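All remarks here apply to the structure that follows.
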Amino acid sequence: RAWSQSMEAKSPGFFQKLVELQAPEVLWIGCADARMPANDLIGLRPGEVLVQRNVGNIASFKDMNLMSCLEYAVAVLKVKHIIVCGHYGCGAVEGTLHEDVPGKTSALANLWIQDVRDTLEKNVEALRCLNGPARANKLVDLNVMRQVFNVCTSPVVQQAWDAGHQLAVHGLVYSLHDGLLKTI
């Protein structure tokens, strides 16, 4: 109740406009981490960004939830931007790097983060010389790049580009330490 009253006080008619508005220009694919408030990070209000979140910001063709959201955003809403956003300190990345530590990930989460594990295996040489947070941060960056690639190669995005739809795909990483977004 306090939130709705504060929104209406700041912007009279806010909820009436929200009822009439479902035309976001941005699809956000981000990590489910509670410290990543999508709208706030990119300065958009409710109704201005369609948000899809999961552990590790994974854009997998096997994830029907993500793929249906992507299709809806691109084919129906005609979004102009897709943002894939990871963050430093990501539990999916930490779980991948420390999968030998009992209790670091659950059995189901361990299956889910296979995409991150594949990214680790494909980039073992680039990561070999790094340790600790630097290694984890590099894997976060690489995971975002992989998920951007997955979005770009999805049939719905390819069809949109073939049809001349002006659609940009962006990779970002959020730093919990300073609140800044970095373009990947």
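Count the sequence shown with the numbering used here and you get residues 49 to 232, in order.
For every residue, glycine included, the Cβ atom is placed at its ideal position computed from N, Cα and C.
No experiment lies behind these values; they were computed from the predicted model shown.
* Spatial distance of Asn158 from Glu96 (CA atoms) -> Straight through space, the alpha carbons of Glu96 and Asn158 are spaced by roughly 33 Å.
* Asked: Gly78 bridges to which residues according to DSSP?
  -> Arg101 and Cys133
* Asked: Considering only residues of the same chain and omitting the five flanking positions on each side of Asp163, which have a CB-CB separation below 6 Å?
  -> Ile106 and Ser108
* Asked: Are His129 and Val204 close, meaning C-beta to C-beta below 8 Å?
  -> no
* According to DSSP, is Lys110 helix, strand or coil? -> coil
* Asked: Under the three-state reduction of DSSP, which class applies to Lys65: helix, strand or coil?
  -> helix
* Just curious, the beta strand (DSSP E) that Gly219 is in, first and last residue? -> Per DSSP, the continuous beta strand (DSSP E) segment holding Gly219 begins and ends at Ala216 to Tyr222.
* In three-state terms, what does DSSP make of Leu229? -> Looking at Leu229 - three-state DSSP - the assignment turns out to be strand.
* To do: Check whether the stretch 84–95 touches the stretch 137–147, counting contact only when three or more Cβ pairs, one atom from each stretch, lie closer than 8 Å.
  => no
* Going by CA-CA distance only, name the one from Pro181, Ala182, Ser154 and Asn191 that's closest to Arg165. => Checking every option, the nearest Cα to that of Arg165 belongs to Asn191.
* **Collapsed DSSP secondary structure at Thr201 in the structure displayed** => coil
* Rounded straight-line distance, which links the Cα of Leu215 to that of Gln207 -> 11 Å
* To do: Would you tell me roughly how many angstroms separate the C-alpha atoms of Gly235 and Ile161, rounded to the nearest one?
  => Any question about residue 235 goes unanswered here, given that the chain covers just 49 to 232.
* Asked: Taking the alpha-carbon positions, what's the Ala121 to Leu98 distance?
  -> 7 Å
* CB of Gln195 within 8 Å of CB of Val132, strictly -> yes
* Report the rounded CA-to-CA distance for Leu89 versus His146, giving the unit in angstroms. => Cα to Cα, Leu89 sits roughly 29 Å from His146.
* Asked: Could you give the residue range of the alpha helix (DSSP H) that holds Asp86?
  -> Here the sequence assigns Ala to residue 86, which means Asp is not the residue at that position. That run of the alpha helix (DSSP H) goes Ala86 to Ile90.
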